[in-house]
Amino acid sequence: LSVQGREDIASFIQAFTGSHRFVLDYLVDEVLQHQPEHIRSFLLQTAILDRFCAPLCNAVTEREDGREMLDVLERSNLFLIPLDDKRQLYRYHHLFADVLQTHLMEVQPGRVAALHGRASGWYERNGLRSDAIRHALAAKDFLGAAGLIELAGPATEDGSIQPATWLGWVKKLPEELVRARPVLNVWYALILLGSGELETAESRFKDAERWLESADTTKVQQAAPSAEMVVVDQERFKSLPATIAVGRAYIAQTLGNIPDTVRYASRVLELTEADPFRHSQASMLLGMTYWASGDLQAAGRVFADYTMKLRIAGNIPDAISTSVVLADIRLALGQLHEAINTLEQLLQFVMDQGEPIPLDAADLHRELSKLHLEQGNLEAAAQHLQKSKELGEKAQLPVLRYRLCIDQARLKTAQGDLEGALALLDEAQCLYIRSPLPDFCPISAMKARIWVAQGGLTKAQGWVRERCLSVDAAPSYLSEFEHLTLARVLIAQYKSDRRTGSTQEALGLLDRLLKAAEEGGRMGSVIEILVLLALAHAARGNITPALASMGRALALAEPEGYLRLFVDEGLPMAALLQEAAKHGITPNYVRQLLAAFGKVEGRTSVPHILIEPLSERELEVLRLLRTDLNGPEIARELMVSLNTMRTHTKNIYTKLGVNNRQMAIRRAEELDLL
């Protein structure tokens, strides 16, 4: 044969030129047709397998010479590639496999389904359910496939089968067959919830309930579909009422309907005392209602307990999900170190289990990126994001895609690439999927914050109108992020038009939010609110209350190592930190924060920055102060009264932090104002 004796089969095949059809014809004519009948038959029958061992070959070919045939093929160099050192598992070269499959369909198309059916049976007997399902579907054995897919449902919860894979299988089944199987239909609904398809999931829950309502009079079948119900997994059938209640609690929490969440979750607790997994799911959803309502202490206890139970049970994928929630709760409580420790300990535990790393760890890396970013560790944040992206592409977790875009946007913001951040947030909006996790940080509000930082006040004000936000709204934790964004817009508005009403509104709103956050023990929120209070006071030139708020924020933030919370506020915050340094407020921490500003600006230190910028008129006076003109002469030059000129001069001295003309000129030169 043309390829026998060659060591470089792959290179030989790639050296062919011409059409693919030519290659196929060549291999059929020059390789396949030259084989003895028993070898040719073996090759064609095993062509449907993407990998194989001797017992599998025996099952598919219905012969007993699988081991001998594999040895012959390997000695003959017939495109056989060993997949392990013991030479137990093999596959055909991809091109040769294509040739065999094409030829099989041409000469023996009627045998293909039977071959897949035998393969499916062997895989099922040997506990390899995913492969059994794949071949059952290829054989068009939808009855057998449906039973196997139903039994594979629990594997989507322990992470051994990806939900996207399971969903791909069930969508290949005839719809009437799925609807006759309540257990299968409920699994279908649960996985649709993860994709945000709430209405479709609810429809399937209702279909399954119809069978439950008539279960006393309906004979349960184990095989062929008919007008009667078919159940393969009897244990799961018994727990369907609880499973459906869990699904409905999930839907209610996703829609923000706390009373229905509590009602359905409580129903689960009544039904499933003997089912710890469903019991824990219901407890988790109740914990989310605590979280959404701002009772973070209660929510933290629920999620800490649930996470520990999941780890003990070996359910690492769900333990990762609940740990991420727990980290977010601890961040809101101001426990940044504890949040990081929680996730790093779980990540180490996951890594200690060895390969393969659970794909759900993508969310673990994503959350760690966010936390390290808050502490100013951009390198660690970028590394975790990259790892999250790599795992996420394999995991195909729908919710992860938009969350990853959000955290990439946060990193872009920290790197000073605001346009890049906005582009990622636009992408996140397109990918957004509803879930039971409360949407504390709406993407639109994140965009509004960037617009404020860019000076895009008009866009930010448009967002306020679109969201119908009001400073008079009652404080709630669920809307806190939006109201803090509103406060930023009001402060920016004051800087733009100098109308005191906007800062007075901002201060009133922030005072109410501060009271609510303090009462809820949400120290993370308290720090951010104090930062904004300081900026609002500083914008009005009220340094004393600004430093009072600033001092308290710094004292709370220093032990936890917060950094981006301050640096993301830009140059007005740098100016406040300089004032704090002058007054000896948390000096070491303030130096660290100012150094971070220097890195953002690409400098080794931060220049002096004005808390309140000079007006155009004040800049004009300042330039004249640099000349030899005296006070009355400057007044005549500006065509104003001497008293007006003196008022401008006093304002300049105050804003520059000086008390005479020469110091004002020197400070103005340092700030490049002249």
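Residue numbers for the sequence shown follow the working numbering, so the first one is 39 and each next one is one higher. We put the CB at the ideal spot given by N, CA and C, even for glycine.
Between leucine 507 and leucine 524, is the Cβ-Cβ spacing less than 8 Å?
-> Their beta carbons are under 8 Å apart, which means leucine 507 touches leucine 524 by this criterion.
Could I get the ranges of all uninterrupted alpha helix (DSSP H) runs contained in the region 373-419, with 4 residues as the minimum, in chain order?
-> Residue ranges of uninterrupted alpha helix (DSSP H) with 4 or more members, entirely inside the region 373-419 and ordered along the chain, are 374-390, 399-412.
Serine 534 and leucine 495: beta carbons closer than 8 Å?
-> Yes, they are a contact pair.
If we count the other Cβ atoms within 10 Å of its Cβ and call it buried at 16 or more, is isoleucine 703 buried or exposed?
-> Classification of isoleucine 703: buried, given that the 10 Å Cβ count is 16 or more.
Sorted by chain position, which residues of the same chain lie with C-beta nearer than 6 Å to isoleucine 12's C-beta, five sequence neighbours on each side aside?
-> Within the shown structure, residues of the chain are numbered from 39 to 712, placing residue 12 beyond reach of any answer.
So what does isoleucine 581 bridge to, in DSSP terms?
-> As DSSP reads the structure, isoleucine 581 sits in no beta bridge.
Valine 509 by DSSP, collapsed to three states: which one?
-> Taken through DSSP and simplified to helix, strand or coil, valine 509 comes out as coil.
So who's on the other strand from tyrosine 440, going by DSSP bridges?
-> DSSP lists no partner for tyrosine 440.
Specify, as a first and last residue, the run of the alpha helix (DSSP H) that tyrosine 470 falls within.
-> Tyrosine 470 -> no alpha helix (DSSP H), and no H or E assigned at all.
Classify glutamine 700 as buried or exposed, calling it buried when 16 or more other Cβ atoms lie within 10 Å of its own Cβ.
-> Around the Cβ of glutamine 700, a 10 Å sphere holds fewer than 16 other Cβ atoms; the residue is exposed.
Under a Cβ-count criterion, where at least 16 other Cβ atoms within 10 Å of its own Cβ denotes burial, should leucine 680 be classed as buried or exposed?
-> Label assigned to leucine 680: exposed.
How far does the alpha helix (DSSP H) with proline 355 in it reach, from first residue to last?
-> That run of the alpha helix (DSSP H) goes 354-370.
Is leucine 118 helix, strand or coil when you go by DSSP?
-> In the structure shown, leucine 118 sits in a strand (DSSP, three-state: E or B).
4 or more residues per run - each alpha helix (DSSP H) lying fully within the region 184-221 | Counting whole runs of 4 or more residues, the region 184-221 contains the alpha helix (DSSP H) stretches 193-196, 201-208, 213-217.
According to DSSP, residues forming a beta bridge with tyrosine 515 = Answer is none; tyrosine 515 lacks a bridge partner.
Residue(s) in a DSSP beta bridge with phenylalanine 90 = BP columns for phenylalanine 90 point to Tyr128.
At what residue ranges does the region 646-688 contain a whole run of the alpha helix (DSSP H), taking only runs of 4 or more?
-> The region 646-688 contains these whole alpha helix (DSSP H) runs: 654-663, 669-676.
If you run the structure through DSSP and keep just helix, strand and coil, what is valine 696?
-> For valine 696, the secondary structure class from DSSP, reduced to helix, strand or coil, is coil.
Using CA coordinates, which residue listed in Pro610, Asp398, Arg655 is at the minimum distance from alanine 433?
-> Per the Cα distances, Asp398.
Quick one, which of Leu236, Leu70, Ile690, Phe134 has its alpha-carbon nearest serine 473's?
-> Sorting Leu236, Leu70, Ile690, Phe134 by C-alpha distance to the C-alpha of serine 473 places Leu236 at the top.
Please find out if some non-hydrogen atom of the ligand FAD comes closer than 7 Å to the beta-carbon of glutamate 518.
-> Looking at this structure, you won't find the ligand FAD or any other ligand, since it has none at all.
Considering only the beta carbon of each residue, do histidine 141 and leucine 82 sit closer than 8 Å?
-> The answer is yes: Cβ separation under 8 Å.
May I ask you to verify whether the region 609-628 touches the region 658-677, counting CB pairs closer than 8 Å and requiring at least 3?
-> By the Cβ rule, the region 609-628 does not count as touching the region 658-677, because fewer than three pairs are nearer than 8 Å.
Taking Cβ positions, are glycine 559 and leucine 369 nearer each other than 8 Å?
-> Judged by their CB atoms, glycine 559 and leucine 369 are not nearer to each other than the 8 Å cut-off.
When the Cβ atoms of the region 404-422 are set against those of the region 443-453, are three or more pairs found closer than 8 Å?
-> Flag = yes, the region 404-422 and the region 443-453 touch.
Just how far apart, CA to CA, sit glycine 29 and isoleucine 187?
-> Coverage of the chain is limited to positions 39 through 712, which leaves residue 29 absent and any answer about it impossible.
So alanine 97 and tryptophan 160 are in contact, right, with Cβ under 8 Å, and what is the actual spacing, rounded?
-> That belief holds up - the Cβ atoms of alanine 97 and tryptophan 160 are roughly 4 Å apart, short of 8 Å.
On the premise that methionine 326 lies in contact with proline 713, defined as a C-beta separation below 8 Å, what is that separation, rounded to the nearest angstrom?
-> As shown, the chain starts at 39 and ends at 712. That puts residue 713 outside it, with no answer to give.
Rounded to whole angstroms, what's the CA-CA distance from aspartate 666 to alanine 673? Just pull it up for me.
-> Approximately 13 Å between the Cα atoms of the pair.
Confirm, please, whether the CB-CB distance from isoleucine 623 to alanine 5 is below 8 Å.
-> Outside the displayed span of the chain (39 to 712) sits residue 5, for which this structure offers no information.
What does DSSP give as the partner residues of valine 490 in its beta bridges?
-> Its beta-bridge partners do not exist; DSSP assigns none.
Given alanine 574, which residues of its chain have a CB within under 6 Å of its CB, disregarding the five upstream and five downstream residues?
-> Closer than 6 Å at Cβ, skipping near neighbours: Ile529, Thr541, Ala544, Leu545.
Minimum C-alpha distance to aspartate 88 - residue among Ala170, Arg149, Ala365, Asp109 | The residue among Ala170, Arg149, Ala365, Asp109 with its C-alpha nearest the C-alpha of aspartate 88 is Ala170.
Relative to the C-alpha of histidine 317, which residue among Ile289, Leu334, Ala283 is closest?
-> Ranking Ile289, Leu334, Ala283 by Cα distance to histidine 317 puts Ala283 first.
For valine 306, the three-state DSSP class (helix, strand or coil) = Valine 306 falls in the helix class under three-state DSSP.
Which residues mark the beginning and the end of the alpha helix (DSSP H) in which glycine 338 is found?
-> Per DSSP, glycine 338 is one residue of the alpha helix (DSSP H) stretching across 334-351.
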